[in-house]
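Data block below; observations after.
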Amino acid sequence: MTGAKRGSGRTDGGGSLYDLLNTAFEGWGDEAYFRFKYEEFPGYDPDEHDFVVEADDRVVAARRVFAKRLRTPGGESHPVHVQGGAVVHPDHREQGLFTRLVEESKAYSRASGSPVVMTYNRHGKVSTDAHLRRGWEYRTLPLHIRPLSPKRLVMDHGSDVLPSYPGVDALAAVGGAVAGAVLPDWLFGRGTELVTSGTVSRPIASASRAARANGEEGEREGSRSDEDVTIRPYRPSDVEDVRDRLAAEVDRAEVAFERDREHVEHMVNYDHATALVATREGTVVGFVCTGLIYQDGLTEARVFDLVGPTAAVGERLLDRACANASDRGADVVTVLRDERPGPEWASLRTDLVMWDYLGDRERWHPILSEGEWRITGYDVL
């Protein structure tokens, strides 16, 4: 077995990084999702950003580094590395490969000038516990899910979407008891929130940030001008206007990952993405992009990004995105945003953004631990 090395891990036959992901995480995703996440992400360099361990000409462990830029209070921009989860083949676990990948990728990030290294994880996972033992810090992500086929989600896929809490089993039993009836969306949403609430504290969004989400203060309830807003499919010619709208959102946040033209083009060009814009008198004032992700028989419609001039326009965009997702056969819609979108949505407190300091902890601790973040589904790729 070789040590961890930088390289894409792509092979002509079996044993590729893609094969590893689908072996370690059954039904991880299709080739289109792999290309979108691993090969087409802006700034990706296969010789720099993939850490792999090989044995017998097969990739048996890997970790992916995403080079991004983080905007912090005062408008400062910093290069930051976000690392994907370390994946290890089931036949090669408990051999120290997870630790090797984490430490070697961290060393690379430190040498590259990243002040912190970040990752996304879920409460209760072995890798989360391992990071916590190593002193990593975290914030809870404001994740909301809307089931589009509630009974199927509960009975067939509950464990794919929700962690293993005792209450989830009870909810599944309710789903079975209703036989052929359709479990109401609002009941499923409230039930999943109740059985999973309180699992993780320290939410990433503050009350003050919630008051400004989706528009300036005073615009939250919408206005007469909202009636003049038209929603239509995104066109390639909209890219600069959408970039400007997203950049304005980044500017308003204390902590946010930057958006540029490449990011907009990347998300809308995903094979399974649909994007909409809101226009007023021909000017783009809002945007939503949703991508379907096929994992182990479950179709998730993930809202990559959403911005509207007012809360009312934002809700219209989200409603249209949900309708499109339903038409395309999605089982569930997921979105990261401060407020729960409505009673038919479940608010889960299970997903985390985690980080470890690579230097100057005194400067970065208050920014990341106390600052008001803007994180969307696109950031959590």
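Residue numbering for the sequence shown follows the numbering used here, starting at 62 and increasing by one per position.
Glycine included, each C-beta is placed from N, C-alpha and C at the ideal position.
Backbone CA spacing between residue i and residue j [nearest angstrom]
i: residue 153; j: residue 128; result: 28 Å
i: residue 428; j: residue 316; result: 8 Å
i: residue 180; j: residue 415; result: 5 Å
i: residue 92; j: residue 423; result: 42 Å
i: residue 324; j: residue 101; result: 10 Å
i: residue 295; j: residue 80; result: 34 Å
i: residue 109; j: residue 425; result: 25 Å
i: residue 353; j: residue 191; result: 30 Å
i: residue 193; j: residue 134; result: 26 Å
i: residue 343; j: residue 299; result: 11 Å
i: residue 308; j: residue 366; result: 12 Å
i: residue 169; j: residue 144; result: 11 Å
i: residue 288; j: residue 183; result: 40 Å
i: residue 117; j: residue 349; result: 45 Å
i: residue 433; j: residue 355; result: 32 Å
i: residue 368; j: residue 149; result: 37 Å
i: residue 431; j: residue 396; result: 22 Å
i: residue 411; j: residue 185; result: 8 Å
i: residue 132; j: residue 188; result: 27 Å
i: residue 151; j: residue 160; result: 15 Å
Reduced DSSP category for residue i - H, G, I as helix; E, B as strand; rest coil
i: residue 422; result: helix
i: residue 205; result: strand
i: residue 391; result: coil
i: residue 293; result: strand
i: residue 180; result: strand
i: residue 439; result: coil
i: residue 200; result: strand
i: residue 417; result: strand
i: residue 92; result: helix
i: residue 399; result: coil
i: residue 408; result: strand
Residue from the options with nearest C-alpha to residue i
i: residue 99; options: 196, 112 and 413; result: 112
i: residue 311; options: 189, 183, 136 and 373; result: 136
i: residue 158; options: 104, 147 and 342; result: 147
i: residue 383; options: 193, 399, 334 and 357; result: 334
i: residue 96; options: 302, 108, 86 and 78; result: 78
i: residue 175; options: 140, 302 and 118; result: 140
i: residue 401; options: 150, 205 and 178; result: 205
i: residue 417; options: 297, 367 and 199; result: 199
i: residue 120; options: 132, 142 and 85; result: 85
i: residue 178; options: 406, 188, 163 and 328; result: 163
i: residue 114; options: 105, 329 and 156; result: 156
Beta carbon of residue i nearer than 7 Å to that of residue j
i: residue 202; j: residue 391; result: no
i: residue 362; j: residue 386; result: yes
i: residue 326; j: residue 130; result: no
i: residue 351; j: residue 364; result: yes
i: residue 345; j: residue 302; result: yes
i: residue 340; j: residue 291; result: yes
i: residue 435; j: residue 314; result: yes
i: residue 195; j: residue 166; result: no
Chain B contact for residue i (CB, 7 Å cutoff)
i: residue 84; result: Of the chains in the structure shown, none is chain B; there is only one protein chain.
Jot down the residue ranges of each uninterrupted alpha helix (DSSP H) in the region 100–169, minimum 4 residues, whole runs only, in chain order.
107–110
Whole beta strand (DSSP E) elements within the region 309–379, 3-residue minimum:
316–318, 334–341, 344–356 and 359–368
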